[in-house]
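Before any comments, here is the structure.
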């Protein structure tokens with residue numbers, strides 16, 4: 001995939017009723033790489049991937065034109081991406097319909113992620129413990145953000161976080177100057193997307209998500225939370241209705257987080 005494929009790739013995602021903007025495609029391609037399938041010079045399918053260091057990766061945006069599905073195009077694109085990623089452990093988010101194909105390729109289920117979206121309601125600021133505060137993240141905070149993300153995920157996300165600060169905004173949760181967690185928001189799809197959200201516990205994750213209601217109440221907002229986080233009912237109380245679960249899958253050895261932090265909301269379903 002190259003830059004001149006983006007307009008056709010965006011049209012393809014619209015054809016399968018995905019809400020990605022062309023700008024969302026631009027960001028994902030800038031942070032990774034991918035392949036396209038063509039038939040008679042017309043884009044027929046896409047597949048993207050993102051390398052997180054030498055040991056880990058993610059793949060997504062596996063799309064085939066609706067009138068060309070069932071002809072092995074998706075499998076051929078997957079084979080190219082898997083060859084590109086080599087021996088890395090690879091994560092992806094699958095629909096129930098796509099899960100059997102990925103299982104044939106060696107992926108196993110590792111839980112779920114739940115998509116919530118709607119018109120964001122304002123909520124009172126969450127109470128924080130003594131000495132804690134939430135403040136805007138600035139470029140100088142990138143080492144702290146990267147360290148928190150690596151602790152929660154067990155893999156590096158430095159480049160991704162730097163790019164997110166350029167296209168969106170972030171906040172850092174601190175206690176007496178020590179970073180405890182963070183959340184980010186950016187334009188995405190039909191409005192804005194909150195994520196990633198990294199925190200030591202669910203209460204602080206709620207504080208980091210709820211922070212954005214002061215600036216984005218009344219707008220269309222999406223957040224995809226881990227299925228085992230128990231945040232679903234609370235997220236729905238913000239006006240973000242349940243849009244559906246997807247399956248998180250992994251091929252290879254799982255990353256090893258440090259156990260002190262969790263990613264409560266993902267960056268997006270393609271990149272994890």
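Numbering (the working numbering), first residue to last: 1 to 272. No residue lacks a Cβ here, since even glycine has one placed at the ideal position from N, Cα and C. As the structure is a computational prediction, the values presented were derived from the model and not from experiment.
Handout entry: Three-pair Cβ contact test at 8 Å for the region 150 to 161 versus the region 234 to 247
Key = Taking one beta carbon from each stretch, the region 150 to 161 and the region 234 to 247 have fewer than 3 pairs nearer than 8 Å; the two do not touch.
Handout entry: residue 66 beta carbon less than 8 Å from that of residue 8
Key = Start at 1 with the first residue of the chain shown, and residue 8 comes out as number 8. Start at 1 with the first residue of the chain shown, and residue 66 comes out as number 66. For residue 8 and residue 66, no; Cβs fall outside 8 Å.
Exercise for the section: Going by DSSP, name the residue or residues bridged to residue 47. Expected result: As a position in the chain shown, residue 47 is number 47, starting the count at 1. Beta-bridge pairing links residue 47 to 35.
Problem - Under 8 Å between C-beta atoms of residue 208 and residue 225 - result: Against the chain shown, residue 208 aligns to sequence position 208. Against the chain shown, residue 225 aligns to sequence position 225. No, Cβ-Cβ distance for residue 208 and residue 225 is not below 8 Å.
Exercise for the section: Taking residue 141 as the reference, give the member of 172, 118, 120 and 264 with the closest Cα. Expected result: For this step, residue 141 is matched to residue 141 along the chain shown. With distances taken between Cα atoms, residue 141 lies closest to 172.
Problem - Bridge partner(s) assigned by DSSP for residue 134 - result: Working through the chain shown from its first residue, we reach residue 134 at position 134. Residue pairing by DSSP puts residue 134 in a beta bridge opposite 173.
Exercise for the section: Within the same chain, show all residues whose beta-carbon is closer than 6 Å to that of residue 229, passing over the 5 residues directly before and after it, in chain order. Expected result: Against the chain shown, residue 229 aligns to sequence position 229. Within the same chain, residue 229 has close Cβ partners 264.
Problem - Cα-Cα separation, residue 110 to residue 120 - result: Reading the chain shown from its first residue, position 110 is the one you call residue 110. Reading the chain shown from its first residue, position 120 is the one you call residue 120. Taking the Cα positions, residue 110 is about 29 Å away from residue 120.
Handout entry: Boundaries (first-last residue) of the alpha helix (DSSP H) holding residue 269
Key = For the purposes of this step, residue 269 is taken as the residue at position 269 of the chain shown. Where residue 269 is concerned, there is no enclosing alpha helix (DSSP H), given that its DSSP letter is neither H nor E.
Practice task
Please state whether DSSP places residue 211 in a helix, a strand or coil.
Solution key: As a position in the chain shown, residue 211 is number 211, starting the count at 1. Coil, per DSSP.
Problem - Secondary structure of residue 61, DSSP reduced to three states - result: If you number the chain shown from 1, residue 61 lands on position 61. Residue 61 carries a strand assignment under DSSP once its states are collapsed to helix, strand and coil.
Exercise for the section: State whether the region 86 to 106 contacts the region 209 to 222, with contact taken as three or more CB pairs (one from each stretch) at a distance under 8 Å. Expected result: Flag = no, the region 86 to 106 and the region 209 to 222 do not touch.
Problem - Chain-order list of residues whose beta-carbon lies under 6 Å from that of residue 205 (same chain, five-residue window excluded) - result: Taking the first residue of the chain shown as position 1, residue 205 is located at position 205. Excluding its 5 nearest sequence neighbours in each direction, residue 205 has C-beta neighbours in its own chain below 6 Å: 197, 199 and 264, listed in chain order.
Handout entry: Cα-Cα separation between residue 125 and residue 240, rounded to whole angstroms
Key = Within the chain shown, residue 125 is the residue found at index 125, counting from 1. Within the chain shown, residue 240 is the residue found at index 240, counting from 1. Cα atoms of residue 125 and residue 240: separation of roughly 17 Å, rounded to the nearest angstrom.
Problem - Best match in 186, 127 and 137 for proximity to residue 202 [C-alpha to C-alpha] - result: Stepping through the chain shown from its first residue, residue 202 is reached at position 202. For the residues 186, 127 and 137, the minimum Cα distance to residue 202 belongs to 127.
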